[in-house]
Every structure is written in structure tokens, then in C-alpha cells.
Amino acid sequence: YLRDSLHFVDKRRVAVWGWSYGGFVAALALAHPDQDVFQCGISVAPIVSWKLY
Numbered sequence: 004y005l006r007d008s009l010h011f012v013d014k015r016r017v018a019v020w021g022w023s024y025g026g027f028v029a030a031l032a033l034a035h036p037d038q039d040v041f042q043c044g045i046s047v048a049p050i051v052s053w054k055l056y
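Its first residue numbered 4, the sequence shown is counted upward by one per residue in this note's numbering.
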């Protein structure tokens, strides 16, 4: 929505980032098969095992 409604957002330079659970969600967003929004992503300290979370 914001990408399409705000004129100052460059659609070619949209990224996602997250830390901890947010890093997990950022990685999920990038890996989604229908993902065409994000050009770049940063996943800091994501959940890699639910046993360790």
C-alpha cells in the first residue's frame, strides 16, 4: 500500500530488516514464493531453531 501511494518511495529500493523474531519474519518475507516487494533484506539473529528460542 505505502509503496504504491507515496510518491517519494522508490519501488526499486525497498528492503526489509529485522532482529530476533523480526529477523525470522524478514527471512520468511524474503523466502515467500510470491514475494516481489523487497529487493534486499537483513535478518539479524533470526530464530533458527525453536528449541533455542
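Glycine included, each C-beta is placed from N, C-alpha and C at the ideal position.
When the beta-carbon positions are compared, A29 and S46 come within less than 9 Å of each other.
Linking D7 to G21 through their CA atoms gives a straight-line distance of about 22 Å.
As computed with DSSP, I45 is found in a beta bridge with W20. With a contact defined as Cβ atoms closer than 8 Å, A34 and F41 miss out at about 11 Å.
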